[in-house]
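J.: Line by line, the protein sequences give chains A and B. Oh and the first sequence: position 32 is 29 in the working numbering, straight run, nothing missing. The number in the working numbering is simply the position in the second sequence, starting from 1, with 322 added. We put the CB at the ideal spot given by N, CA and C, even for glycine. What follows is a single structure, and I will ask about it in a moment.
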Amino acid sequence: MATPAITEDICDYMINNSLTPTTIGGLVPNSGINQYAVVEFPGLENIKTHGTPSANNTYTKLDQAMIQVQYRHTSAHTALTGILAGADLLDGKGSITINTRVYSFISMTARPRIIGREENGSLVYAADFRVSVIR
Amino acid sequence: MAIRVRIWSTDLKVAVTKLDVFGKKLDGTVSETCRKICEQILKDSDTIPPVVPVDTGALQDSGRVEKDGRGWAVMYGGGSVDYALQVHDDLRQRSYRRPGAGPKFVEAHYLRRTEGQEAYKEFTSDIEHLIQSTGL
């Protein structure tokens, strides 16, 4: 199976669970829209192999990625509620199928915190996650 | 009919003494390895993309390795540099003055150095050296 588009899958998963609007790669700048964004950042070695070989001598391959979920809102309280909803949806998930791919685990590595304020006064919260998907 | 097999070291007292020395030095050796890895991550954060962004230079100058409990930590910020967390964690699009600069300039290198075999090899090498130096 080809390399999974992890940010797209997580974005779809959030949309399917009513966390919208959600974009890939970053918040739409200067739009004023209150929204979620899913952004990947580097660090992890991509593919790991685990387990014992199967009958045809192949290993289970895991793609791993670090992602940040951002949420922007003009109200600080609503922004916090929004990012917490994202954390509740993703943190601790295991063995879920998104777009035909099996995500073996998703765990939060950095708790929700404010990362900035935009020119229109909106607050941006973010939380980081480690994601592992079976290729 | 019973069989009794006895196994003993002719230098048992010496071996116990060496194990005692090894045990006392192990904590310091592991701590020193942690410090070396932190120093390498700090160096990476200023040399390998993503590198620490530079505007006034205050954030870059604040980079250091500090003792943290029984371990060590890579630190940026503190004092008047009260924006280190935002610069490090903010993945929103922005243009940096310094080529190669970007967010996660510590975490990306921490993950790369500790998730692969590099840190494991450092610890193994230093502990093997300690075993040899204590004569075990």
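Anything in the segment 374 to 387 of chain B with a Cβ closer than 9 Å to a Cβ of chain C? List those residues in chain order, please.
T.: Checking the listed chains, one finds no chain C in this structure; the protein chains it contains are A and B.
J.: Could you give the first and the last residue of the continuous beta strand (DSSP E) run that contains B:G399?
T.: It is not in any beta strand (DSSP E) - B:G399 carries neither H nor E in the DSSP assignment.
J.: To which residues of the same chain is A:K90 closer than 8 Å at the C-beta, ignoring the five residues directly before and after it?
T.: The residues are Y100, F102 and I103.
J.: If you compare alpha carbons, which of B:D411, B:V338, B:K358 and B:L341 is closest to B:G482?
T.: Nothing about residue 482 of chain B can be read from this structure; chain B reaches only from 323 to 458.
J.: Would you mind listing the beta strand (DSSP E) stretches within the segment 30 to 91 of chain A that are 3+ residues and don't spill past its ends, in chain order?
T.: For the segment 30 to 91 of chain A, whole beta strand (DSSP E) runs of length 3 or above, ordered along the chain, are 32 to 38, 44 to 47 and 57 to 70.
J.: From the DSSP output, which residues share a beta bridge with A:R114?
T.: DSSP, once it has assigned bridges, lists A:L120 as partnering A:R114.
J.: Is there a C-beta anywhere in chain B that falls below 9 Å from the one on A:F38?
T.: So yes, A:F38 belongs to the interface.
J.: Would you call the segment 334 to 348 of chain B in contact with the segment 426 to 439 of chain B, where contact means no fewer than 3 C-beta pairs closer than 8 Å?
T.: Result no; under three Cβ-Cβ pairs closer than 8 Å.
J.: Alpha carbon to alpha carbon, how far is B:D412 from A:L77? Give it in angstroms, no decimals.
T.: Using only the alpha carbons, I get a separation of about 16 Å.
J.: Taking 8 Å as the cut-off, does the segment 418 to 427 of chain B touch the segment 362 to 377 of chain B (at least 3 CB pairs, one atom from each stretch)?
T.: The segment 362 to 377 of chain B is in contact with the segment 418 to 427 of chain B.
J.: Of the residues that make up the segment 406 to 421 of chain B, which ones have a beta carbon closer than 9 Å to any beta carbon in chain A?
T.: Under the 9 Å Cβ criterion, the segment 406 to 421 of chain B contributes L407, Q408, D411, D412, L413, R414 and Q415.
J.: If you measure from the beta carbon of B:L364 to each beta carbon in chain A, is any gap under 9 Å?
T.: Cβ-Cβ to chain A under 9 Å: no for B:L364.
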